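Numbering (our numbering), first residue to last: 201 to 340. The beta carbon of each residue, even a glycine, is placed where N, CA and C say it ideally should be. Remember, predicted model here, so these are calculated numbers, not experimental data.
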Amino acid sequence: SILIGKKIVVFGGKDATTGFNDTWILDFSSITNGQWTKINISPAPPKLYVHRAVYLSTADYMVVYGGRDWDTGANSDAVWVLKNASNPAQMKWVSATITSATTPSAPRLHTMEVISGNILIWGGLESNSSEFWKLTLTPQ
Numbered sequence: 201s202i203l204i205g206k207k208i209v210v211f212g213g214k215d216a217t218t219g220f221n222d223t224w225i226l227d228f229s230s231i232t233n234g235q236w237t238k239i240n241i242s243p244a245p246p247k248l249y250v251h252r253a254v255y256l257s258t259a260d261y262m263v264v265y266g267g268r269d270w271d272t273g274a275n276s277d278a279v280w281v282l283k284n285a286s287n288p289a290q291m292k293w294v295s296a297t298i299t300s301a302t303t304p305s306a307p308r309l310h311t312m313e314v315i316s317g318n319i320l321i322w323g324g325l326e327s328n329s330s331e332f333w334k335l336t337l338t339p340q
């Protein structure tokens with residue numbers, strides 16, 4: 201999930217029996233009257249859980265990386281970008297093209313933060329916990 205102003209954008213997750221690839225917004229402009237809204241976006245990333253998301257404010261992107269794919273049970277190494285993350289009417293999921301010859305192990309339960317426009321990724325289960333990576337996205 202990411203925070204944009206007074207809204208939280210949430211993607212994916214699971215419960216005991218089902219994986220999800222939904223995109224939801226919690227608008228808490230009124231702290232006493234918060235409202236959840238499901239945003240129907242197609243296509244969408246696969247049903248991911250234990251993934252991480254960050255917000256690139258300079259591009260208005262929500263970036264989702266890693267996690268486990270509910271349907272395959274495999275860890276994901278895909279990078280998904282929610283374009284226009286602050287504007288529900290124009291939100292669009294796209295799969296980012298990675299041009300690096302070397303990429304991180306497909307992590308889950310990793311740490312991901314944005315510093316100076318770069319996405320920093322560290323650790324996670326089922327990967328070398330000492331791996332530290334920088335991902336730079338070019339807005340398109």
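Close Cβ partners of residue i (< 6 Å) along its chain, the five nearest in sequence each way excluded
i	result
Phe332	Trp322
Thr302	none
Backbone secondary structure at residue i - three-state DSSP
i	result
Ala274	coil
Ala306	coil
Ala289	helix
Gly213	strand
Val250	coil
Phe220	strand
Ser330	coil
Ile204	strand
Thr258	coil
Cβ-based neighbour list, residue i, same chain, cut-off 7 Å, excluding 5 preceding and 5 following
i	result
Ser286	Ile204, Asp260
Ser201	Ile208, Val209, Val210, Ala253
Lys370	Residue coverage of the chain in this structure runs from 201 to 340, which leaves residue 370 outside it and unanswerable.
Assumed close pair residue i, residue j - CB separation to whole angstroms, cut-off 8 Å
i	j	result
Met262	Val314	Met262 to Val314, Cβ: 11 Å. No contact.
With 16 other Cβ atoms within 10 Å as the buried cut-off, status of residue i
i	result
Gly324	buried
Ile169	Only positions 201 to 340 of the chain appear in this structure, which leaves residue 169 out of reach.
Pro304	buried
Ile298	exposed
Gly212	buried
Pro245	buried
Trp236	exposed
Own chain, CB closer than 8 Å to residue i, minus 5 neighbours either side, in chain order
i	result
Arg268	Leu248, Tyr249, Val250, His251, Ala274, Asn275, Ser276, Arg308
Opening and closing residue of the beta strand (DSSP E) in which residue i lies
i	result
Thr237	235-239
Asn318	318-322
Lys283	279-283
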